[in-house]
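Chains as they are written, first to last, in this note's numbering: chain A, 45 to 163; chain B, 195 to 306.
Read the structure below first, then the notes.
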């Protein structure tokens, strides 16, 4: 079964850091671009970052550039999002998603992990 | 940056009736490399991750009921649910995946 399982979310103080992980199984992880998408409470979906199959190319949305870094470990089928200088505006459910090999849409999603930034 | 605007923000439709959601892009999402529109539609039910319904603007994902259809090209797209079922109550999002990824703001579909 194709599966993505996020972990690492939780409560963090403003200015703090957190590292999210996404464990992939059931498919050839190293064959896919991977993505993080977030959703603030009661709000819509927002793409955060993505990374090429070999990790050589990464893109981040402007609002997180310099604060968040996407990375991956193909040997362990894992995707990461290192987040720092967190603010209340970063409070959201963070989803890990697989990009289709056909094109850049997201065809498999994890259940998400909640990050709450609050004092 | 390309902006994706959906309309309406919400709609209520009677069971068995047609629901139509619009998505307008501020720039064309047609790729010159493959002559395809890089536009997808997702369904999100409460407490669940989004589910892919449509890609290439009109290609239905495997397993998606045929009452869901996508149309349009360039900058204007529609998602149609031909006969609304109770299980279709959800928020629907369009996604532009040509270059940077941008979602529409979402359209909430309810039963009238």
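A virtual CB, placed ideally from N, CA and C, is assigned to each residue, including glycine.
Fair warning: this is a prediction, and the values are worked out from it, not measured in the lab.
Among the residues facing chain B, residue 155 of chain A is included, as its CB has a counterpart in that chain under 7 Å away. Within the stretch 262 to 298 of chain B, the runs of beta strand (DSSP E) at least 3 residues long that lie entirely inside it are, in chain order, 262 to 267, 270 to 275, 284 to 290. One Cα belongs to residue 291 of chain B, the other to residue 220 of chain B, and the distance between them is close to 14 Å. For residue 88 of chain A, at least one C-beta of chain B is nearer than 7 Å to its own C-beta. The stretch 248 to 258 of chain B makes no contact with the stretch 197 to 216 of chain B; the number of CB pairs closer than 8 Å stays below 3. Taking the CA atoms as reference points, residue 233 of chain B sits about 15 Å from residue 91 of chain A.
Close CB contacts of residue 305 of chain B within its chain, under the 8 Å cut and outside five residues either way in sequence, are with 206, 207, 208, 209, 278, 280, 283 (chain order). DSSP places residue 258 of chain B in the coil class of the three-state scheme, outside both helix and strand. Note that the C-beta distance between residue 224 of chain B and residue 237 of chain B is not below 7 Å. Against chain B, a Cβ distance below 9 Å from residue 139 of chain A picks out 243, 244. Distance from the CA atom of residue 58 of chain A to the CA atom of residue 123 of chain A, rounded to whole angstroms, is 24 Å. Beta-bridge partners of residue 157 of chain A (DSSP): A:138. In the structure shown, the three-state DSSP call for residue 149 of chain A is coil. Against chain A, the CB of residue 295 of chain B has a partner CB under 7 Å away; the residue lies at that interface. At a cut-off of 7 Å between C-beta atoms, residue 151 of chain A counts as an interface residue with respect to chain B. For residue 54 of chain A, the enclosing beta strand (DSSP E) has its first and last residue at 54 to 56.
Per DSSP, the beta bridge partners of residue 248 of chain B are B:235, B:254.
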